[in-house]
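Same order as they appear, the protein sequences are chains D and H.
Numbering-wise, full-length UniProt numbering puts 555 at position 555 of the first sequence, and it's gapless, one number per residue.
Numbering-wise, full-length UniProt numbering puts 410 at position 410 of the second sequence, and it's gapless, one number per residue.
Data block below; observations after.
Protein chains: 2
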Amino acid sequence: MLERLSHLFVRTLREDPADAEVASHKWLVRAGYIRRQAPGIFAWLPLGLRVRQKIEAIIHEEMRLAGAQQVHFPALLPREPYETTGRWEEYGPNIFRLKDRREADYLLAPTHEEVFTLTVKDLYSSYKDLPLTIYQIQDKYRDEARPRAGLLRGREFSMKDAYSFDYTDEGLDVSYQAQRDAYERIFQRLGLEYVIVRADAGAMGGSKSEEFLHPIAVGEDTFVRNDAGYAANVEAFRVAATEPLPLEGLPEAEIHDSPDTPTIDTLVALANRDVPRSDRPWAAEDTLKNVVLALVDADKNRELVVVGLPGDREVDMKRAEAWFGPRDVEPATEADFVQHPALVKGYIGPWSTEGPVLGLESSSGIAYYLDPRVVEGTQWVTGANIPEKHVFHLVAGRDFHSDGVADIANVRDGDPAPDGSGPVNTARGMEIGHVFQLGRKYAEALGLQVLDENGSLVTVTMGSYGIGVTRILAIIAEGHHDDKGLIWPEAVAPYDIHVIQAGKDEQVATVAEELAEALVAAGKDVLLDDRAKLSPGVKFADAEVIGIPHIVIAGRGVAEGKVELWDRASDERREVNIADVVGALVGRD
Amino acid sequence: MLERLSHLFVRTLREDPADAEVASHKWLVRAGYIRRQAPGIFAWLPLGLRVRQKIEAIIHEEMRLAGAQQVHFPALLPREPYETTGRWEEYGPNIFRLKDRREADYLLAPTHEEVFTLTVKDLYSSYKDLPLTIYQIQDKYRDEARPRAGLLRGREFSMKDAYSFDYTDEGLDVSYQAQRDAYERIFQRLGLEYVIVRADAGAMGGSKSEEFLHPIAVGEDTFVRNDAGYAANVEAFRVAATEPLPLEGLPEAEIHDSPDTPTIDTLVALANRDVPRSDRPWAAEDTLKNVVLALVDADKNRELVVVGLPGDREVDMKRAEAWFGPRDVEPATEADFVQHPALVKGYIGPWSTEGPVLGLESSSGIAYYLDPRVVEGTQWVTGANIPEKHVFHLVAGRDFHSDGVADIANVRDGDPAPDGSGPVNTARGMEIGHVFQLGRKYAEALGLQVLDENGSLVTVTMGSYGIGVTRILAIIAEGHHDDKGLIWPEAVAPYDIHVIQAGKDEQVATVAEELAEALVAAGKDVLLDDRAKLSPGVKFADAEVIGIPHIVIAGRGVAEGKVELWDRASDERREVNIADVVGALVGRD
Chain D
1 MLERLSHLFV RTLREDPADA EVASHKWLVR AGYIRRQAPG IFAWLPLGLR VRQKIEAIIH
61 EEMRLAGAQQ VHFPALLPRE PYETTGRWEE YGPNIFRLKD RREADYLLAP THEEVFTLTV
121 KDLYSSYKDL PLTIYQIQDK YRDEARPRAG LLRGREFSMK DAYSFDYTDE GLDVSYQAQR
181 DAYERIFQRL GLEYVIVRAD AGAMGGSKSE EFLHPIAVGE DTFVRNDAGY AANVEAFRVA
241 ATEPLPLEGL PEAEIHDSPD TPTIDTLVAL ANRDVPRSDR PWAAEDTLKN VVLALVDADK
301 NRELVVVGLP GDREVDMKRA EAWFGPRDVE PATEADFVQH PALVKGYIGP WSTEGPVLGL
361 ESSSGIAYYL DPRVVEGTQW VTGANIPEKH VFHLVAGRDF HSDGVADIAN VRDGDPAPDG
421 SGPVNTARGM EIGHVFQLGR KYAEALGLQV LDENGSLVTV TMGSYGIGVT RILAIIAEGH
481 HDDKGLIWPE AVAPYDIHVI QAGKDEQVAT VAEELAEALV AAGKDVLLDD RAKLSPGVKF
541 ADAEVIGIPH IVIAGRGVAE GKVELWDRAS DERREVNIAD VVGALVGRD
Chain H
1 MLERLSHLFV RTLREDPADA EVASHKWLVR AGYIRRQAPG IFAWLPLGLR VRQKIEAIIH
61 EEMRLAGAQQ VHFPALLPRE PYETTGRWEE YGPNIFRLKD RREADYLLAP THEEVFTLTV
121 KDLYSSYKDL PLTIYQIQDK YRDEARPRAG LLRGREFSMK DAYSFDYTDE GLDVSYQAQR
181 DAYERIFQRL GLEYVIVRAD AGAMGGSKSE EFLHPIAVGE DTFVRNDAGY AANVEAFRVA
241 ATEPLPLEGL PEAEIHDSPD TPTIDTLVAL ANRDVPRSDR PWAAEDTLKN VVLALVDADK
301 NRELVVVGLP GDREVDMKRA EAWFGPRDVE PATEADFVQH PALVKGYIGP WSTEGPVLGL
361 ESSSGIAYYL DPRVVEGTQW VTGANIPEKH VFHLVAGRDF HSDGVADIAN VRDGDPAPDG
421 SGPVNTARGM EIGHVFQLGR KYAEALGLQV LDENGSLVTV TMGSYGIGVT RILAIIAEGH
481 HDDKGLIWPE AVAPYDIHVI QAGKDEQVAT VAEELAEALV AAGKDVLLDD RAKLSPGVKF
541 ADAEVIGIPH IVIAGRGVAE GKVELWDRAS DERREVNIAD VVGALVGRD
């Protein structure tokens, strides 16, 4: 296919767009691939659309190889199915909702589990119809609180979403693995580095999920991994279980004045001076920090909870959101403290001489959760619920109890992996794919059952598998650019070869034209810069911004039968005979 | 490409869907091509999606040949550009509107003139950049009052919309013609009969527009045409101009009792008996019917108007909507008459002995419009604004005047074409394409100007060109079915050949499989009915419903080296040697 720059709807920009926070956004706009229409909403110009279609073509091929069949569902969907599964509420403000002229509720679908489930229910009734995996590539919608970073977090974005249907757990494992394998092949073909991490299922529900993360500094996800192969999103990381310690022989809890201890370090110093441990000095990790959080549901009801965790840790709000979801998590406000005078700010603790202070059964009635490291028999320094007083040698399981675990403390480099495989390191990544074993959640809610071999009705078990097409495109751009513009990998470049007519004389134009046509005849997609009045310098700069990997320059050398081959990535230029161009560029496949 | 029915996500239905009003809807659902998700909103199952993609591929090819470049714009768009052009209001309840989490207004785009215009403005600034035609194929939205007839009038539907940009009127003519020619080629390739008719531009605005109508009884559009080549949508039909007659020598207007004249015929009889014309008898077309209409704007403001037209005609409400648009037109209500006591129901007329009764300058102040046939010098029988009295010999241009023309009477077979080409006939059709010369309306509203050859800023002139992809699919189905199911034309059939394994013995299965593979190797897309446990009868019925044009039946005959070729359209079956199948089916291209 031959396209001419004199005709192509594109204009490169010399200035960075004002709102560009990341390189992919900057270069995709400057190179004329996309144009912003509203926050997180973009138009796709011809060059951008071609890259998008190349990524889609790879996904289609691999879906087909994985036995998945393409369908196309509406973006505009009625409320009812999402109401049935509870997601109409759970999504909170994160979806676009609207009413039609008859005041019926609709949403712009962020994902399609419900209607795929209902359609399979509509069509199928027997185990013989299964397994089934169906998918679509379609524009999806999410009303992000902070649409940002161009395509990396948009409000209208293209996704491939696939759904599998099986009637046994073993079948689901096979369907899940087929999609997981397809994802690996897709990312390999796209040249995208990825790490498969355990993930939190979140609002999707279900029993098992893994994320494909692309390690990247601008990533919004933090994940942990170690050399032994453990990898998890921090939301899914679980603190390694610790054995309880014996309660016998531990000192009594002791209230002690703690003036001038504004920090954990000063509190630890005071403890070591005035109320020392017999076995070893107190450390920051022996202080028990009690953090007050508000859990907010879709109707804005607030429930206050307190989470106790070692003083050398912080609450990781993303882990807290995942733990307490679908409710939102917010730090407690001054108003919350005013409403709950039992909470003595700065001196909150689970215990007082008059009995438990925190916990559903306590005097405050406020739910109390503990970090998994606060196991029975551990001794703590914590607030005494009296200003300027702390309690020391407070023993978990003897002096205080909780209403349950809250594994929401931040994860640090060196923390042990829960599977015993050794210490983990944290890194930043961006989600590029997500595979879920949903199990029977949606099938149960929507009544999708089939007859099994014995004629008994069984509930179908499902998987859900997503890849962000437009996000992947942005991540590829994020990893493939320099300070002059984009540098596409061959697999997704909008054109294979960029031919530049660098000079105004007729022979140059003729050679450029003939080379472009010869390359097209050899099966290549060629962009020909045939703009008659522009200088070679302007054309070279445009070629660098646009980022097609192979560039042919027909310039002065044509008089001697020579053109230059310019490799965009290495910036290397070499002179070749005109007759050798097709061989040099087509041979490389 | 080989697909197996044992794997394909499809289930044919024996019963008609309850809501199916038309054949295309019925068969597309029964054959498992689409599934309803909400009124006017459908999911596309694999077979349906394949047909859709075949239509899209033809459109893409022809767009490319016409020099149009593909882009992709968001469906979710902000209010502002549509506010600027006035369409946010004009669309009234016909678009889906919504607010994001920051309460900003958005719409689901029904068409994209505004944002295409703004993007061209953003990128281009010189006449050298033009002409430009860009297009997309994309899901669009319209909140229809009565979504009906399956895909024929949906609320989410796929459209190809193209937009051309030129800086001269001659350029627009060329761009318009290129799209118009492409449309003709597209419809010819799809085997879709079409009539190109003059159309009313409606809310789109602009100077010239033509519709491609497919003549079909279930069509929502009425159009007129004659053998001399005149063709117009009824909304765009204009009554042939008539010369005024001399006013001299006409009898005086005369009020006369008109009891017992409930119909036009009784009134005409009374006139001929009591107040005869000297030149010829009164006829129904000499009575002046004054119809009261309410024009309602987007804010629900009502303006009452009266339209005078010959008594043998009715107001055609679609013509009235087109004439008075963007305001809606409604019949006057009892409440309207109560508010306007000057209107004596049943006896309304423009004249009284005390002066004009209708018209902005009259005693009532109500605007008065006249059918183009009510020219100066014509004599009329009409209401005298007194119960049971009419006025006779009332002469237009002498006794009464209007505020303007309203060409909104119904069009009848035999009416003369306005271009003098003779009488027209009316017919029903369905819009399958629409081409508009928008002119400078959008470019002016949104400030799209470029520098011309002389360095002067000139406003760009635009065209807009739409084809309904999903509607076309339904119309093809409407014209290609029998009482057993669908019968696709080869150009858009989901598969080229349907191979049926009709029998359970191994040789039958082997032959079916080998034939399917041989046909695939010859470049055909094959659907293989390999379902082991179903009877031939069930498979034949499914093949008839699904409607692939060529069917190969491998049954008992395989023992003698024979299979049957079954032509779905003619229902003809003929036996052929297995070795001849590929030649017979692939040779026909």
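For glycine and all other residues, C-beta sits at the position ideal for the given N, C-alpha and C.
Source: prediction; values computed, not measured.
Return the bridge partner residues of Gly-485 of chain H from the DSSP annotation.
The beta-bridge partner set that DSSP reports for Gly-485 of chain H consists of H:Asp-482.
From D:Ala-66, D:Ala-109, D:Arg-50, D:Arg-101, pick the residue whose C-alpha is nearest to that of Gln-37 of chain H; which is it?
D:Ala-109
Suppose the cutoff is 7 Å on Cβ atoms and the five residues either side in sequence are ignored; what does the same chain contact list for Gly-67 of chain H look like?
Cβ within range, chain order: Thr-133, Ala-178.
Report the rounded CA-to-CA distance for Val-338 of chain D versus Ala-367 of chain D, giving the unit in angstroms.
Their Cα atoms are separated by approximately 17 Å.
Anything in the segment 140 to 160 of chain D with a Cβ closer than 8 Å to a Cβ of chain H? List those residues in chain order, please.
Tyr-141, Asp-143, Ala-145, Arg-155, Glu-156
Using beta-carbon positions only, say whether Asp-496 of chain D and Asp-542 of chain D come within less than 7 Å of one another.
no
Using 8 Å as the cut-off, can you tell me whether the segment 55 to 69 of chain H makes contact with the segment 172 to 191 of chain H, which would need three or more C-beta pairs spanning the two stretches below that distance?
yes
Find the nearest neighbour of Val-552 of chain H within the set H:Gly-561, H:Ala-516, H:Ala-559, judged by alpha-carbon distance.
H:Ala-516
List the whole-angstrom C-beta distance separating Glu-252 of chain H from His-393 of chain H, where the pair is believed to meet the contact cut-off of C-beta under 8 Å.
7 Å
Going straight from the alpha carbon of Asp-589 of chain H to that of Gly-468 of chain H, what length do you get?
Since pLDDT at Asp-589 of chain H reaches only 46, below the 50 mark, its modelled position is unreliable, and no value is offered.
Please name the residues in the segment 71 to 86 of chain H whose beta-carbon is closer than 8 Å to at least one beta-carbon of chain D, in chain order.
Val-71, His-72, Phe-73, Pro-74, Ala-75, Leu-76, Leu-77, Pro-78
At a CB distance below 9 Å, what residues from the segment 86 to 111 of chain D approach chain H? Give them in sequence order.
For the segment 86 to 111 of chain D, the set of positions with a beta-carbon nearer than 9 Å to some beta-carbon of chain H reads Pro-93, Asn-94, Phe-96, Arg-97, Leu-98, Lys-99, Asp-100, Arg-101, Arg-102, Ala-104, Tyr-106, Leu-108 in chain order.
In the DSSP assignment, what residue or residues form a beta bridge with Tyr-369 of chain D?
Paired residues: D:Val-307, D:Gly-404.
Is Gly-229 of chain H helix, strand or coil by DSSP?
coil
For my contact list, Gly-377 of chain H and Pro-276 of chain H are in at a C-beta cut-off of 8 Å; report their separation, rounded to the angstrom.
Between Gly-377 of chain H and Pro-276 of chain H a beta carbon distance of about 19 Å is seen, past the 8 Å cut, so the two are scored as non-contacting.
Between the segment 48 to 58 of chain D and the segment 482 to 498 of chain D, do at least 3 Cβ pairs fall closer than 8 Å?
yes
What beta strand (DSSP E) runs, 3 residues minimum, are completely inside the segment 85 to 133 of chain H?
Within the segment 85 to 133 of chain H, the complete beta strand (DSSP E) runs of at least 3 residues are 96 to 99, 105 to 108.
Does DSSP put Glu-453 of chain H in a helix, a strand or coil?
coil
Looking at chain D, which residues of the segment 306 to 336 of chain H have a Cβ within less than 8 Å of any of its Cβ atoms?
Listed by position, the residues of the segment 306 to 336 of chain H near chain D (Cβ gap below 8 Å) amount to none.
Pick out whichever of D:Tyr-106, D:Lys-26, D:Asp-286, D:Glu-235 has its Cα sitting closest to the Cα of Leu-486 of chain D.
D:Lys-26
Use the C-beta contact count for Gln-136 of chain H: other C-beta atoms within 10 angstroms, 16 or more gives buried, fewer gives exposed.
buried
Tell me, please, whether the CB atom of Ala-43 of chain H is closer than 7 Å to any CB atom in chain D?
So yes, Ala-43 of chain H belongs to the interface.
Can you list the residues of chain H that Pro-46 of chain D reaches, using a CB-CB cut of under 9 Å?
Gln-69, Gln-70, Val-71, Ile-134
Is Tyr-442 of chain D closer than 7 Å to Ala-406 of chain D when the C-beta atoms are compared?
no
Determine contact between the segment 157 to 171 of chain D and the segment 116 to 133 of chain D, defined as no fewer than three beta-carbon pairs at a distance below 8 Å.
yes
Out of curiosity, what's the CA-to-CA distance linking Leu-107 of chain H and Leu-76 of chain H?
The straight-line gap separating the alpha-carbon atoms of Leu-107 of chain H and Leu-76 of chain H is approximately 6 Å.
Smallest Cα separation from Asp-221 of chain H: which of H:Tyr-230, H:Glu-211, H:Ala-228, H:Ala-23?
Comparing Cα-Cα distances from Asp-221 of chain H to each of H:Tyr-230, H:Glu-211, H:Ala-228, H:Ala-23, the minimum goes to H:Glu-211.
Determine the extent of the alpha helix (DSSP H) in which His-60 of chain D is found, giving its start and end residues.
46 to 65
Can you list, in chain order, the residues of its chain whose CB lies under 6 Å from that of Gly-537 of chain D, leaving out five sequence neighbours each side?
none
Does any C-beta atom of chain H lie closer than 7 Å to the C-beta of Thr-119 of chain D?
yes
Thinking C-beta only, is Ala-149 of chain D closer than 7 Å to Glu-21 of chain D?
yes
Going along the segment 9 to 43 of chain D in order, which residues come within less than 8 Å of chain H, judged by CB to CB distance?
Phe-9, Val-10, Arg-11, Gly-32, Arg-35, Gln-37, Ala-38, Ile-41, Phe-42, Ala-43
Which bits of chain D does Asp-122 of chain H rub up against, with CB to CB less than 7 Å?
Within chain D, the residues near Asp-122 of chain H are Arg-35.
Are the beta-carbon atoms of Val-315 of chain H and Ile-408 of chain H separated by less than 7 Å?
Yes, Cβ-Cβ distance for Val-315 of chain H and Ile-408 of chain H is below 7 Å.
Candidates D:Asp-139, D:Gly-191, D:Ser-209: which alpha carbon is nearest Ala-199 of chain D's?
Answer by Cα proximity: D:Ser-209.
If we count the other Cβ atoms within 10 Å of its Cβ and call it buried at 16 or more, is Pro-331 of chain D buried or exposed?
exposed
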